[in-house]
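In my numbering, the protein residues as written are 6 to 98.
Note that the Cβ used here is the ideal one computed from N, Cα and C, for glycine as well.
Written below as structure tokens is the structure these notes are about.
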């Protein structure tokens, strides 16, 4: 239930976050993407750890994790991304 609620909130938070990235034009439905992998329980349902992406961008970034990290850093800043990573690694919600 928590996964579904988190995903719904993220999907409804705006258009595809990658719009305009390297000429990206969105296509497909909007999905909820984790900035830090959902494998980390401490940040899995954190609202700061999600952004809306269209299916195409979500699939592409999933296959290109270094590009995803650079993209996220460019959007939220290195300090905010580092703080989110630290929270994930600490394992505290």
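If you reduce the DSSP assignment to three classes, tell me which class residue i lands in.
i, result
"residue 21", "coil"
"residue 55", "strand"
"residue 7", "helix"
"residue 36", "strand"
"residue 41", "coil"
"residue 74", "helix"
Between which two residues does the alpha helix (DSSP H) harbouring residue i extend?
i, result
"residue 61", "60-68"
"residue 149", "This structure cannot settle anything about residue 149, because the visible part of the chain is limited to 6 through 98."
Between residue i and residue j, is the Cβ-Cβ spacing less than 8 Å?
i, j, result
"residue 22", "residue 50", "no"
"residue 86", "residue 78", "yes"
"residue 68", "residue 35", "no"
"residue 93", "residue 47", "yes"
"residue 89", "residue 41", "yes"
Which term fits residue i, buried or exposed, when burial requires 16 or more other beta carbons within 10 angstroms of its beta carbon?
i, result
"residue 38", "buried"
"residue 57", "buried"
"residue 83", "exposed"
"residue 55", "buried"
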